[in-house]
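In my numbering, the protein residues as written are 3 to 257. Below: the structure, in structure tokens.
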């Protein structure tokens, strides 16, 4: 988990990004006046980087802020973005792939950054003794362009390997699936986050790089919504950002 400073930065980032993305200020109705707002929030993987939504759900934070939130698991890659754009869900706790849709003229914006560092460990099979053993091998990521993909790239570069020439980056659905692919021999290494990383250590996998220690500031988890959703229901987005911020505060108080 991030330290207190990192989490505090994330909270500030959440407030600033939401302020920048939201429409002109309007008088927001109170929770009691508006009543409970139902919405769906999707997450791409079971990972510590996406724990905010689960904490808010399990600790009753969503409910206290007048939200009835349904958490939905959607595999990494384009599927989460497609679910948001089609109104299957109203929000995503996701990595960088959602940005592509926004940059390319899409309707997606980030409203909070709960995690401001790449909280991943680059882990390899027990038979890997060094970078040379990874040459020509497949490396697992949840999706091309995902947070695990960029963590893989950073780790490979740290090890002196060219991600484009020395290895083949392969999509394997989600973080637990990366470990499963390692166990089955489909991939030789990959970036893992908690709690999967703990399982990998118990299985004897080798930690080659702690990606967070590389000093690269990169939000590995974002809370994303559609611009049109902010315009249509700013109160719902405000309650959602408030809930995630309170969940971060809870995590700080209960490390």
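For glycine and all other residues, C-beta sits at the position ideal for the given N, C-alpha and C.
Where the beta strand (DSSP E) through residue 228 begins and ends:
Within the chain shown, numbered from 1, the residue matching residue 228 stands at position 226. Its beta strand (DSSP E) spans residues 223-228.
What residues match up with residue 172 in a beta bridge as DSSP calls it?
Walking along the chain shown from the start, residue 172 turns up at place 170. Bridge partners of residue 172: 142.
If I follow the unbroken alpha helix (DSSP H) through residue 238, where does it start and stop?
On the chain shown, residue 238 is found 236 positions in, with the first residue counted as 1. Residue 238 -> alpha helix (DSSP H) spans 236-255.
Using 8 Å as the Cβ pair cut-off and three pairs as the minimum, do the region 80-90 and the region 200-215 touch?
no
Spatial neighbours of residue 211 within its chain, please: C-beta separation below 6 Å, excluding the five flanking residues on both sides.
Here residue 211 refers to the residue found at position 209 of the chain shown. Answer for residue 211: 124, 157 and 160, listed in chain order.
Any chain C beta carbon closer than 9 Å to residue 110
Note that chain C does not occur in the displayed structure, where there is just one protein chain.
Starting from residue 95 and walking both ways along the beta strand (DSSP E), at which residues does that stretch end?
Taking the chain shown and counting its residues from 1, one reaches residue 95 at position 93. Element bounds for residue 95: 93-96.
Beta carbon of residue 95 nearer than 9 Å to that of residue 43:
Taking the chain shown and counting its residues from 1, one reaches residue 95 at position 93. Taking the chain shown and counting its residues from 1, one reaches residue 43 at position 41. Cβ distance < 9 Å, so residue 95 and residue 43 count as in contact.
Suppose you measure from the CA of residue 343 to the CA of residue 114; what does that come to, to the nearest Å?
A query on residue 343 cannot be resolved here, the shown segment of the chain reaching from 3 to 257 and no further.
Three-state secondary structure (DSSP) at residue 192?
Translated into positions along the chain shown, residue 192 becomes position 190. Of the three classes helix, strand and coil, the one that applies to residue 192 here is strand, per DSSP.
Tell me whether residue 83 sits in a helix, a strand or coil according to DSSP, three-state version.
What you label residue 83 is simply residue 81 of the chain shown in a count that begins at 1. Reduced to three states, the DSSP call for residue 83 is helix.
In chain order, what residues of the same chain have a beta carbon less than 6 Å from the beta carbon of residue 170, not counting five sequence neighbours either side?
Locating residue 170 in the chain shown gives position 168, counting from the first residue. The residues are 140.
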